[in-house]
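Residue numbers (this note's numbering): 4 to 170.
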Amino acid sequence: MTEIVLDKIDRKILAILQADGQLTNQEVAERINLSPSPCLRRIKRLEESGVIRKYVALLEPAKIGLGLLAYVNVRLEKHSDHPGKGASRSPRDDFSASVAQWPEVVACYAMTGEMDYLLRVHVEDMNHFSRFMMETLLRHPAVLDVKSSFALQQIKETTALPVLGAG
């Protein structure tokens, strides 16, 4: 993958859009002291190159009934990641495909260390979490062990990446 070269203006645009993705091109251009046409060209280049993946609305979980945040470490059965003859997918591939279908899981990372995956799970309450665990996650044939932790208090949460050299 080719890394795109970002100058200070590109980095300022990224920092501004991370803070408020609803700004118009005109508003972004004014904030960086650039005319609208070159600003729009820069934004389009950032979008087309994949630096800007997409624009989203960030929801407040508790306000839509998702009051419990859990982090779940998952360890899978230690089968080969290369399926043998007749096998279609490895347990890891099967688990990854399953996780993609579970709406409660909002993030999943393959990890180093004792556990294979870390899941970030948003649910309504402990009953919802229990149902998800018992009826979905623990029923997956590749899952060997899970360890759960619950968020007690949010200290910091941001979707903004540090844009070095933006200011």
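Think of the CB as a built atom: it goes at the ideal place given N, C-alpha and C, for glycine as much as any other residue.
For ARG78, the uninterrupted beta strand (DSSP E) run begins and ends at 71-79, by DSSP. The segment 83-139 is shown to contain whole beta strand (DSSP E) runs of 3 or more residues at 108-113 and 120-126, in chain order. The segment 107-117 and the segment 39-47 do not touch, with fewer than 3 CB-CB distances between them shorter than 8 Å. In the DSSP assignment, LYS150 is bridged to ASN76. Around the CB of LYS66, fewer than 16 other CB atoms lie within 10 Å, so the residue is classed as exposed. Every unbroken stretch of the alpha helix (DSSP H) spanning 4 or more residues and falling wholly within the segment 14-61 is given here in chain order: 28-34 and 39-51. Relative to ILE19, the option among VAL8, ALA154, ILE7 and ALA32 whose CA is nearest is ALA32. When secondary structure is reduced to three states using DSSP, LYS66 falls in the helix class. Collapsing the DSSP output to three states places LYS11 in a helix. Counting every other CB atom within 10 Å of its CB across the protein chains shown gives PHE135 a total of 16 or more, marking it as buried. If you draw a straight line from the Cα of ASP128 to the Cα of LEU71, it comes to about 5 Å.
Spanning the alpha carbons of VAL102 and SER38 requires a straight line of approximately 45 Å. Taking C-beta separations shorter than 7 Å and ignoring five residues to either side along the sequence, the partners of ILE12 in its chain run ILE35, LEU37 and ARG45, following chain order.
Between the C-alpha atoms of HIS143 and THR115 there is a straight-line separation of about 21 Å. Spatial neighbours of ALA169 in its own chain (CB-CB distance under 6 Å, excluding positions within 5 residues in sequence) are listed in chain order as ARG14, LYS15 and ALA18. Straight across, the Cα-Cα distance linking ARG78 with LYS150 is about 9 Å. Around the CB of ALA163, fewer than 16 other CB atoms lie within 10 Å, so the residue is classed as exposed. Taking the C-beta atoms as reference points, TYR74 is found nearer than 8 Å to SER152.
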